[in-house]
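**Student:**
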């Protein structure tokens with residue numbers, strides 16, 4: 009049986025191992041992992057943006073007053089810029105999250121160009137074409153090299169010559185959510201193109217080296233610390249009309265972008281519909297604060313999953329079920345706690361979803377196999393012990409936490425001895441196989457009646473039997489159960505005697521003796537061979553009482569009589585001196601139960 013169980017466990021674990029390989033290779037748990045990251049990021053956000061960040065928003069109010077965005081002329085941006093600067097100072101940088109990649113009216117373009125030349129540090133973005141098959145596969149790959157898009161769209165030269173360079177490409181995961189960003193992308197000439205956020209943070213004095221050192225791909229995990237509503241935002245129309253004082257822009261890092269419904273939006277880790285100008289602002293805040301979010305690589309995640317897989321196999325088979333459940337839950341709690349501490353204290357996101365899944369699958373498969381095996385063993389033991397114990401007792405042992413004591417223990421029992429009279433005469437007339445058939449018939453009757461009354465068959469000795477009551481588990485009224493069992497055996501013997509006498513002409517009978525008292529009961533013997541039995545002086549007394557019986561008679565000791573006289577009728581036959589005893593024992597014959 010053990011070999012079969014090992015084979016089933018091996019096949020089950022092999023199946024789980026293969027499933028885990030597929031799960032990790034195809035990132036089946038990635039959505040759950042991303043959700044967990046989003047949860048932690050939402051809980052950890054400070055909602056306190058850098059005080060230098062200011063958003064000039066093209067919102068519904070602006071569009072309502074200035075008309076549809078498609079009708080705007082570029083000289084309007086010149087007016088916007090002029091209103092941000094006073095005679096002495098202005099913003100540290102003005103970054104447009106708007107593309108100016110095609111010519112418009114020459115006068116308007118020239119007016120905007122002139123304004124750009126008058127004011128320091130303005131960024132007009134470029135855009136890399138990432139829609140080609142090549143670019144998409146490159147963006148999704150795990151290469152550590154800086155991405156080199158084949159096609160770029162830049163601002164028109166008239167405007168670009170007066171501005172800083174930056175790209176506004178959003179890095180989308182395969183579920184369409186923005187969780188990461190490229191701080192730099194490569195250009196055909198080999199020079200890196202910084203992102204809009206990178207360029208603003210660089211101008212704002214951020215130390216960007218820790219971010220660039222993360223990987224050669226210049227890709228970082230965005231730490232979304234703010235919701236859109238957390239940023240200082242002013243309507244475009246207020247600045248355009250001069251209603252927002254220019255001194256408010258002094259030394260600020262200014263974004264100009266869309267916040268109106270239907271423009272430039274996308275899902276992020278903490279918002280399902282964030283205006284992308286606020287995504288840029290979140291990245292700038294992260295870069296200024298130096299909040300590097302690190303994460304473990306695939307190798308560490310795989311090794312952790314392998315460790316959990318091996319640990320749960322050991323736990324499931326070595327520990328009891330409740331202990332193994334506690335160990336499994338403890339391992340999950342430990343992984344979760346490690347992730348919590350690392351993220352909230354050190355900005356390190358430890359991927360635990362796949363290790364936890366490996367843990368759960370390994371534990372569930374192995375505990376299922378183990379439970380199935382234990383149930384089979386329990387059923388086998390129940391079946392086997394059902395030949396010796398009452399089925400009710402066997403079921404109680406199977407479901408009880410009480411263990412049968414190994415070795416001996418003192419316990420009060422009722423001991424029943426039975427001897428078949430006339431068996432020697434009968435065996436002389438029968439063939440050996442007929443003798444066995446007779447004994448089996450007799451002992452079948454005895455066993456059934458004993459087990460019906462919660463007795464335990466201790467042993468059959470030739471044509472005799474020893475039956476215990478109140479072992480291995482407690483039996484209420486064990487004295488009554490013993491007497492009742494004896495009475496039912498004698499009643500069943502009536503038909504057996506008649507059948508034997510008609511068939512063989514030999515009269516058989518049974519004498520039964522019962523005594524109650526403390527004995528030593530338990531597993532007695534050696535480690536090679538043990539018997540569950542009872543020993544002690546009271547066992548000998550029960551045997552001596554049986555030897556004093558007449559055919560078809562039941563004798564009990566005074567102890568049994570006193571405890572059962574309310575339920576059975578007795579006749580005192582006097583005292584008898586037992587072999588090896590100096591004090592006589594008063595005996596009572598069972599006449600039958602009270603009606």
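Residue numbers (my numbering): 9 to 603.
C-beta: ideal position from N, C-alpha, C; glycine also.
So what does DSSP say about residue 94, is it helix, strand or coil?
**Tutor:** In this structure, residue 94 counts as coil in the three-state DSSP scheme.
**Student:** I need the DSSP call for residue 192, collapsed to helix, strand or coil.
**Tutor:** If DSSP states are grouped into helix, strand and coil, residue 192 belongs with the strands.
**Student:** Give me the Cβ distance between residue 561 and residue 597, rounded to the nearest whole Å; I'm assuming they're in contact under 8 Å.
**Tutor:** Sure, about 6 Å apart at Cβ, within 8 Å.
**Student:** With 16 other CB atoms within 10 Å as the buried threshold, where does residue 55 fall?
**Tutor:** Exposed is the call here.
**Student:** Considering only residues of the segment 272-349, which uninterrupted alpha helix (DSSP H) runs meet the minimum length of 4 residues and lie entirely inside it, listed in chain order?
**Tutor:** List check, alpha helix (DSSP H) in window: 284-297, 306-326.
**Student:** What are the start and end residues of the alpha helix (DSSP H) that includes residue 4?
**Tutor:** Only positions 9 to 603 of the chain appear in the structure, and residue 4 is not among them; the question remains open.
**Student:** Helix, strand or coil: which one does DSSP assign to residue 211?
**Tutor:** Reduced to three states, the DSSP call for residue 211 is helix.
**Student:** Helix, strand or coil, according to DSSP, for residue 377 in the structure here?
**Tutor:** Residue 377: helix per DSSP, three-state reduction.
**Student:** Do residue 242 and residue 252 come within 9 Å of each other at the CB atom, strictly closer than that value?
**Tutor:** Yes, they are a contact pair.
**Student:** Determine the DSSP secondary structure at residue 105, reduced to helix, strand or coil.
**Tutor:** In this structure, residue 105 counts as coil in the three-state DSSP scheme.
**Student:** Please confirm if the segment 429-438 is in contact with the segment 535-555, defined as three or more CB-CB distances below 8 Å between the two stretches.
**Tutor:** Contact between the segment 429-438 and the segment 535-555 is absent, because fewer than three Cβ pairs lie under 8 Å.
**Student:** Determine, using beta carbons only, whether residue 270 and residue 101 come nearer to each other than 9 Å.
**Tutor:** Taking 9 Å as the Cβ cut-off, residue 270 and residue 101 do not qualify as a contacting pair.
**Student:** How should residue 357 be labelled, buried or exposed, when 16 other C-beta atoms within 10 angstroms of its C-beta is the threshold for buried?
**Tutor:** The residue in question, residue 357, is buried, as its Cβ has 16 or more Cβ neighbours within 10 Å.
**Student:** What are the start and end residues of the beta strand (DSSP E) that includes residue 584?
**Tutor:** Taken as a continuous stretch (DSSP letters only), the beta strand (DSSP E) holding residue 584 covers 576-584.
**Student:** What does the Cβ neighbour count give for residue 578, buried or exposed, with the cut at 16 atoms within 10 Å?
**Tutor:** Classification of residue 578: buried, given that the 10 Å Cβ count is 16 or more.
**Student:** Is the segment 351-369 touching the segment 302-312, taking contact as three or more C-beta pairs under 8 Å?
**Tutor:** Touching, yes.
**Student:** For residue 531, does the three-state DSSP call read helix, strand or coil?
**Tutor:** Residue state, collapsed to three classes: strand.
**Student:** By the DSSP assignment, the beta strand (DSSP E) with residue 113 in it spans what residues?
**Tutor:** That residue, residue 113, is in no beta strand (DSSP E); it is neither H nor E in DSSP.
**Student:** Who are the Cβ neighbours of residue 525 in its own chain at under 6 Å, not counting the five residues just before and after it?
**Tutor:** Closer than 6 Å at Cβ, skipping near neighbours: 546.
**Student:** Within 10 angstroms of the Cβ of residue 588, are there 16 or more other Cβ atoms? Answer buried if so, exposed if not.
**Tutor:** Its Cβ having fewer than 16 others within 10 Å, residue 588 is exposed.
**Student:** Which same chain residues end up closer than 6 Å to residue 520 when comparing Cβ atoms and leaving out the 5 residues on each side of it in sequence?
**Tutor:** 426, 494, 562.
**Student:** Can you give me the Cβ contacts of residue 516 inside the same chain, cut-off strictly under 7 Å, excluding the 5 residues immediately before and after it?
**Tutor:** 428, 429, 430, 431, 434, 505, 508, listed in sequence order.
**Student:** Just to confirm, is the Cβ distance from residue 295 to residue 205 under 9 Å?
**Tutor:** Yes, the Cβ-Cβ distance between residue 295 and residue 205 is below 9 Å.
**Student:** Can at least three beta-carbon pairs, one atom from the segment 286-303 and one from the segment 121-132, be found at a separation below 8 Å?
**Tutor:** The segment 286-303 is not in contact with the segment 121-132.
**Student:** What residue from 576, 265, 230 has the CA that sits closest to residue 88's CA?
**Tutor:** The candidate whose alpha carbon is nearest that of residue 88 is 265.
**Student:** Can you grab the Cα-Cα spacing for the pair residue 302 / residue 216, in whole Å?
**Tutor:** Approximately 15 Å between the Cα atoms of the pair.
**Student:** Using the rule of at least 16 other Cβ atoms within 10 Å of the residue's Cβ for burial, across every protein chain shown, is residue 34 buried or exposed?
**Tutor:** Classification of residue 34: exposed, given that the 10 Å Cβ count is below 16.
**Student:** Based on Cα-Cα distance, which residue from 49, 335, 172, 209 lies nearest to residue 260?
**Tutor:** Looking at the Cα atoms, 209 is the closest of the given residues.
**Student:** Take residue 420 as the anchor and find which of 467, 486, 462 has the nearest alpha-carbon.
**Tutor:** That would be 486, whose Cα lies nearest to the Cα of residue 420.
**Student:** Once DSSP output is grouped into helix, strand and coil, what is the label at residue 418?
**Tutor:** Here residue 418 sits in strand by DSSP.
**Student:** Under the rule that 16 or more other beta-carbon atoms within 10 Å means buried, what is residue 503, buried or exposed?
**Tutor:** The residue is exposed, with fewer than 16 neighbouring Cβ atoms inside 10 Å.
**Student:** What did DSSP end up calling residue 467 once you bin it into helix, strand or coil?
**Tutor:** If DSSP states are grouped into helix, strand and coil, residue 467 belongs with the strands.
**Student:** At a cut of 8 Å, does the segment 109-125 reach the segment 159-175 through at least three beta carbon pairs?
**Tutor:** Verdict: yes, contact present.
**Student:** My output table needs one value for residue 154: the three-state DSSP class, helix, strand or coil.
**Tutor:** Here residue 154 sits in coil by DSSP.
**Student:** What distance in whole Å lies between the Cβ atoms of residue 550 and residue 423, which are believed to be in contact at a cut-off of 8 Å?
**Tutor:** Contact holds; Cβ gap of about 4 Å.
**Student:** State the beta-bridge partners of residue 161 as determined by DSSP.
**Tutor:** For residue 161, which the question treats as bridged, DSSP gives the partners 135.
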